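For reference, each letter of the sequence shown is one residue, going 718 to 1157 in the numbering used here.
Report on the following structure.
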Amino acid sequence: MTRTLYRWIQILGISVVLLGAISLIIKKPLNLGLDLQGGMRLILEAQETSARTLDDDAMNGIITVLKERIDGLGITEPVIRRKGSRQVVVELAGIDDPARARAMIGQTALLRFVAAQWAPAGASEMAADQIQLLAGDDARFVLYKDGGYTRGLFLKDTVMTGEQLKWAQPTTDQYGKMGVDIAFTSEGAAVFYAVTQRLTGQPLAILLDDIIISAPTIREPIAGGKAVISGDFDLTEMRDLVVQLKAGALPVPVEVVSETVVGPTLGIQSLAQSKQAAIIGFGLLVVFMIITYRLSGCVAVVALLIYGLLVLACLSALNATLTLPGIAGFILTIGMAVDANVIIFERIKEELSQGRSFLAAVKSGFSQATVTILDANVTTLLSAAVLFWLGTGVIKGFAITLTVGILVSMITALVVTQLMLSACANRFSDYSQWFFGKQV
């Protein structure tokens, strides 16, 4: 294979990679973090109960349920991570309704089916012993709003929980009233049939976190393991209820101990300032490289543009979320990429000073610079690995961006820049000193 053919194959390969990178960036734009597009950050603290201790299973269960709930809200790329022994951090970027998200996340969503009894008029004034005499020892009186009416209800014992649910989905009846279709597991279906058989003619209260959402009167035993939860729901409430029932209850209650909302205006402003800083910095870098290294500086600028495209494409492929620390890592690796080119050019200038030809100087210069570049970058890669291993959240994001940037900068400096300089060897062989900024 001739040298020219080999070079054209390299150029074709790089062109295909660049086209693929551009296509990926267009089809799959980078996810922006909380600090760039606004959103909400919550810190939840798990509360130990008499029924459940705070062990790893409980904390992992909280994270699993939260992920399912947030997915049900249609929020993309949430950050959910454990903090310490009893806290969970939730970051939701770009949400439109923070209040709704907070309500969905903070609720335990414990679904209970409770045997009940309609209370007579004046029951609200009854003493506790009178209520117990009328409805049983464990009964308690509550007011339940049924449509436009408020009725008294005695709540007795819990007969079923949401743990026996198999699925839930929204529905509407023939009058357009919204509700939720539910189905039980095979074990739950048998229990539900027995419960409805025992409570025929009596109300069965359905509670979510001790709030009555429905209290239908059982007309006959219900077989088949299916039922409908009907109530005074609007569309959003119905959808949220479905999401909560599908995700299930949190293993233990949680309390929101910290809440930070970043407005979209602030996020847009941060992004605009970051873009402006990047453009100014890159512009100054271009001027410096061209003034100092002339045409070879132009080669370095083209390599940097290729570097930028490849880094963005890699981050997009990794489904990474870009944050302000991530941008800082990206800018840092641009400096390292420039530094690699400077090392290469200075080595080539030394070779030219010793009387070597353009092509021989390029080969020798790259050979000598490679060890120095690898040594510097491997050291930084080890630092990035430590940051990723020990860090959390934005620190890991910085480490990922730094790692991707370093690897791509080595490829562009040692492969792309070398290919472009080698391609210029024949055309500018008589101007090699001037090409690299030396006075002739």
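C-beta atoms are modelled at their ideal positions from N, C-alpha and C, and glycine is treated no differently.
Keep in mind the model is a prediction, meaning the values are calculated, not measured.
In the pairwise beta carbon analysis, the segment 830-838 is classified as touching the segment 916-923: at least three pairs are separated by under 8 Å. Between the segment 1033-1045 and the segment 743-752 there are three or more C-beta pairs closer than 8 Å, enough to call the two in contact. A contact is defined here as three or more CB-CB pairs under 8 Å, and the segment 1094-1102 fails this definition with respect to the segment 1018-1026.
By the neighbour-count criterion, in which 16 or more other beta carbons inside 10 Å mark a residue as buried, Glu1068 falls on the buried side. Straight-line measurement puts the Cα of Gly730 at about 10 Å from the Cα of Leu736. Looking at the DSSP output, Asp863 bridges to Tyr866. Straight across, the Cα-Cα distance linking Ile997 with Ile1112 is about 26 Å. DSSP places Ala818 within a helical segment (H, G or I) once states are collapsed to three. If you check the CB distance, Thr1089 and Ala1101 do not come in under 8 Å. By the 16-neighbour rule on beta-carbons within 10 angstroms, Leu1029 is buried.
Per DSSP, the beta bridge partners of Leu759 are Val807 and Glu976. In this structure Arg758 is in contact with Glu808, their Cβ atoms being roughly 5 Å apart against a cut-off of 8 Å. Rounded to whole angstroms, the gap between the alpha carbons of Val978 and Leu827 is 27 Å.
If you ignore the 5 residues before and after Lys784, its C-beta comes within less than 7 Å of the C-beta of Ile797, all in its own chain and listed in chain order. The three-state reading of DSSP puts Val1019 in helix, counting H, G and I together.
Between the segment 890-907 and the segment 940-953 there are three or more inter-stretch CB-CB distances shorter than 8 Å, so the stretches are counted as touching.
Excluding the 5 residues flanking it on each side, Leu962 has same chain C-beta neighbours closer than 8 Å at Ala826, Leu828, Gly879, Leu882, Ala885, Val897 and Ile899, in chain order.
Asp898 sits in a strand when the DSSP states are folded into three classes.
Under the DSSP assignment, Ile787 falls outside any beta strand (DSSP E), being part of the alpha helix (DSSP H) whose first and last residues are Asp773 to Gly789.
Excluding five sequence positions before and after Val908, the CB atoms of its chain that fall closer than 7 Å to its own CB belong to Met877 and Gln881, given in chain order.
Taking all protein chains in view, the Cβ of Ala989 is surrounded by fewer than 16 other Cβ atoms within 10 Å, so the residue is classified as exposed.
In this structure Val1019 is in contact with Met1137, their Cβ atoms being roughly 7 Å apart against a cut-off of 8 Å. Ala906 is a Cβ neighbour of Gly942, given a cutoff of 8 Å. Inclusion of Glu762 and Gln824 in the CB contact set at 8 Å is not warranted, their separation being larger than that value. Per DSSP, the beta-bridge partners of Met877 are Phe830. Under the DSSP assignment, Arg956 falls in the alpha helix (DSSP H) whose first and last residues are Leu952 to Ala964. A Cβ-Cβ distance of about 4 Å is found for the pair Ile939 and Thr913, placing them in contact under the 8 Å criterion.
The Cβ neighbour count for Leu916, taken over all protein chains shown within 10 Å, is at least 16; the residue is labelled buried. Under the three-state reduction of DSSP, Leu1138 is assigned to helix. In this chain, the alpha helix (DSSP H) harbouring Ser903 covers Ser903 to Arg915. Bridge pairing for Trp884: Ala900 [DSSP]. Boundaries around Ala1102 are those of the alpha helix (DSSP H), Phe1075 to Leu1107, since no beta strand (DSSP E) includes it.
The C-beta of Ile728 has fewer than 16 other C-beta atoms within 10 Å across all chains shown, which makes the residue exposed. Taking C-beta atoms under 8 Å as the contact rule, Cys1031 and Val1125 qualify, at a distance of about 6 Å.
DSSP places Val796 in the uninterrupted beta strand (DSSP E) bounded by Val796 to Lys800.
Ranking Arg799, Thr770 and Ala1034 by CA distance to the CA of Leu741 puts Ala1034 first.
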